[in-house]
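Okay, so the sequence shown: first residue is 1 according to the UniProt record's numbering, each after it adds one. For every residue, glycine included, the Cβ atom is placed at its ideal position computed from N, Cα and C. Comments concern the structure below.
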Amino acid sequence: MTSDSLLTVGLAQIAPIWFDREKTLKKVEKYISDAADRGCSLVAFGEAIVPGYPFWLELTDAAVFNSSIQKEIHAEYMHQAVSIERGDLSEICSLAKTRQIAVYLGCIERPLDRGGHSLYCSMVFIDRNGNIGSVHRKLMPTYDERLAWSIGDGNGLRVHSLGAFTCGGLNCWENWMPLARSALYAQGEDLHVCIFPGSHHNTYDITPFIAKESRSFVITVSGLMRKEDFPIGLLHRERIVEHAPDLLTDGGSCVANPDGTWLIEPTTIGEEALLVTTLDHRRVREERQNFDPSGHYSRPDILKLTTFWPITTQNIMDQRYIDIIRYQINNWQDADVRTVPGVMTQIHCGPDKDDPSIEYQINWFIDCSETYIHNHRHSFDTHCLEGGYSEKLWQIVDEGSGACTYQFLRHSGNVFDSPIKLPGALQHVGSRIHFPGNILHVGIDQYHAILPNASSAERVLTFLVKHTPSIPVEMFVLSDQPVINAPKNEIQPATEEDRQSLYDKLDSWLAKHHY
Numbered sequence: 001m002t003s004d005s006l007l008t009v010g011l012a013q014i015a016p017i018w019f020d021r022e023k024t025l026k027k028v029e030k031y032i033s034d035a036a037d038r039g040c041s042l043v044a045f046g047e048a049i050v051p052g053y054p055f056w057l058e059l060t061d062a063a064v065f066n067s068s069i070q071k072e073i074h075a076e077y078m079h080q081a082v083s084i085e086r087g088d089l090s091e092i093c094s095l096a097k098t099r100q101i102a103v104y105l106g107c108i109e110r111p112l113d114r115g116g117h118s119l120y121c122s123m124v125f126i127d128r129n130g131n132i133g134s135v136h137r138k139l140m141p142t143y144d145e146r147l148a149w150s151i152g153d154g155n156g157l158r159v160h161s162l163g164a165f166t167c168g169g170l171n172c173w174e175n176w177m178p179l180a181r182s183a184l185y186a187q188g189e190d191l192h193v194c195i196f197p198g199s200h201h202n203t204y205d206i207t208p209f210i211a212k213e214s215r216s217f218v219i220t221v222s223g224l225m226r227k228e229d230f231p232i233g234l235l236h237r238e239r240i241v242e243h244a245p246d247l248l249t250d251g252g253s254c255v256a257n258p259d260g261t262w263l264i265e266p267t268t269i270g271e272e273a274l275l276v277t278t279l280d281h282r283r284v285r286e287e288r289q290n291f292d293p294s295g296h297y298s299r300p301d302i303l304k305l306t307t308f309w310p311i312t313t314q315n316i317m318d319q320r321y322i323d324i325i326r327y328q329i330n331n332w333q334d335a336d337v338r339t340v341p342g343v344m345t346q347i348h349c350g351p352d353k354d355d356p357s358i359e360y361q362i363n364w365f366i367d368c369s370e371t372y373i374h375n376h377r378h379s380f381d382t383h384c385l386e387g388g389y390s391e392k393l394w395q396i397v398d399e400g401s402g403a404c405t406y407q408f409l410r411h412s413g414n415v416f417d418s419p420i421k422l423p424g425a426l427q428h429v430g431s432r433i434h435f436p437g438n439i440l441h442v443g444i445d446q447y448h449a450i451l452p453n454a455s456s457a458e459r460v461l462t463f464l465v466k467h468t469p470s471i472p473v474e475m476f477v478l479s480d481q482p483v484i485n486a487p488k489n490e491i492q493p494a495t496e497e498d499r500q501s502l503y504d505k506l507d508s509w510l511a512k513h514h515y
């Protein structure tokens, strides 16, 4: 046994502060810190722990069509859901980086694209540098869950390196889906994470089964829910608890060895617990000696699994955008590569062949720290391919307050006019997070500034779809002072070194994601 083969993991079997996102996230933070204090490199939480599993569906006859009660409960559930782009997980990411611990977190996700009115049961992986590595949306909600959650997509079927291990995970009953499991096995998974809302009857059979099938460690984390966990003051609480048992889910968190034997048997004490154990990767290597489901005991020449990553319910990466990136690689000698020294390298891919009002651009950020608040001459959709950053949104408010904001018109060549004084205060009005697989829309009237995520070491790769307006739009910089700290760097042709570096990055990105 060597230390580089060992991984200490924590299973946080807890109840949510039901229907309260902020309080539940604070509770999650406490257990992350507790797990780090106990030497864990990974801690996992149950399905839908933030802001809670939709237990009301079974308890309130949720299938009644057009029920005012169901509409009211669902509206509050949506209000308490997690919007990653809004920054709801920023504190969790920062804590993961500070404590150097990876996190698997089950949450109800409310993505802001498509109006932000659909909910997904998502499993978010945050690495030890505080980066969101993947957001896996449950492929198929089970039974009455379909009254609350939308069906997910394949974009989150990803694995992640963690010490000697390669980890991946699935939500609840999708762990019974053979092809979903196989999609993770094929990427080299040898530590599988199952998350459930509970209970023992869900976890007892599936955990050792997956372990023996995959010859991997399997950690299964379940939530806990007692009748007393429905908070006083909850909307329609009386109706919900009327038929609720004293114990709705009893936990059942457990860990199985790669041979299917128990390392930790299902824990059903009815109380919250942080279960900690250490995994030895040597056990995986031993069990793979006679059976490796994606290696020496597989027949890819006969059996083939196709996982659709590019196309998702969000249309995260349209195939034509992939084709544009591939075209640039295949015609690299003609690629229009430019650089903003110290900031980014760009490829100007030109207009869309069918719609000249749309242009494409690839950005590879060296430093995404913006020291100035500005708008853009065109609106655009930015697809995050790798890395990530935070975006702060700003507005001029309280125009009658006597406060003032200074506006600087920006010309080409980073030349600025003298400031114009505008009535009103410059105020931060919101934040969004950009992460791999995500899309952010930036409008021409949207003032913003971007800054690195919890981990600033990783460079950020994005694909831009720019919408050129028929009427030119001016670019302005805003400040609460009559002076600005805006960049003076000119865009210029890239050096051969910069060109080669970006070529290598795009080539490896395409290969990594099997495009």
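Is residue i helix, strand or coil when you go by DSSP?
i	result
M78	helix
Q289	coil
E490	coil
I232	coil
R226	strand
G52	coil
residue 524	What the structure shows of the chain is the stretch from 1 to 515, and residue 524 is not part of that stretch, so it cannot be assessed.
G388	coil
T24	helix
Q481	coil
P452	strand
T8	strand
Q500	helix
D246	coil
N330	helix
S68	helix
K512	helix
C93	helix
Taking 7 Å as the cut-off, decide whether the C-beta atoms of residue i and residue j are in contact.
i	j	result
L451	S390	yes
V218	H192	yes
G130	S94	yes
residue 517	H434	There is no way to answer for residue 517, as the model of the chain reaches only from 1 to 515.
N171	E47	yes
L105	F45	yes
G430	S379	no
C40	I101	yes
S294	D250	no
V103	S122	no
S253	Q13	yes
P258	A211	yes
P371	N453	Note that residue 371 is Thr in the sequence shown, not Pro. Not in contact: T371 and N453 (Cβ atoms no closer than 7 Å).
Y120	G152	yes
With 16 as the cutoff for other CB atoms within 10 Å, does residue i come out buried or exposed?
i	result
P245	exposed
F125	buried
M1	Here M1 scores only 49 on pLDDT, less than 50, and its place in the model should not be relied on; the value that follows carries that caveat. Counting Cβ neighbours within 10 Å, M1 comes out exposed, since fewer than 16 surround it.
L157	buried
H448	buried
I302	exposed
V255	buried
D127	buried
K26	exposed
K71	exposed
N331	exposed
I420	exposed
A81	buried
So residue i and residue j are supposed to be a Cβ contact under 8 Å. How far apart are they, rounded?
i	j	result
D381	H296	Rounded, the Cβ-Cβ distance is 44 Å, inconsistent with contact.
L7	A164	7 Å
Y347	L502	The amino acid occupying residue 347 in the given sequence is Ile; Tyr does not appear at that position. Yes, they are in contact, since the Cβ atoms of I347 and L502 sit about 7 Å apart, within 8 Å.
R215	E287	4 Å
G168	Y53	No, G168 and Y53 are not in contact; Cβ-Cβ is about 22 Å, not under 8 Å.
E76	F19	6 Å
L422	Q446	Not confirmed; about 17 Å, so no contact.
V50	R21	6 Å
E386	K466	So it is not a contact: roughly 20 Å between Cβ atoms.
I366	V343	6 Å
Using beta carbons (cut-off 7 Å, strictly below), is residue i in contact with chain D?
i	result
I232	Looking at the structure shown, chain D is missing, and only one protein chain is on hand.
Going by beta carbon distance, what residues of the same chain come within less than 8 Å of residue i, once the five residues before and after it are set aside?
i	result
D498	V337, T339, T345
residue 524	Outside the modelled stretch of the chain, which goes from 1 to 515, sits residue 524, for which no answer is possible.
I69	T60, H236, R239
I329	Y503, L506, D507, L510
E271	L224
For residue i, I'd like the list of residues in its chain whose CB is within less than 7 Å of its CB, leaving aside the five on either flank, ordered along the chain.
i	result
Q492	R338, T339
S455	Low confidence applies to S455: its pLDDT is 48, below 50, so where it sits in the model is not reliable enough to give any reading.
Leaving out five residues before and five after residue i in sequence, what residues of the same chain have Cβ atoms less than 6 Å from its Cβ?
i	result
E399	P423, G424
K30	none
If you measure from the CB of residue i, is any heavy atom of the ligand NAP nearer than 6 Å?
i	result
D323	For the structure depicted, the ligand NAP is absent and the ligand set is empty, with no information on it obtainable.
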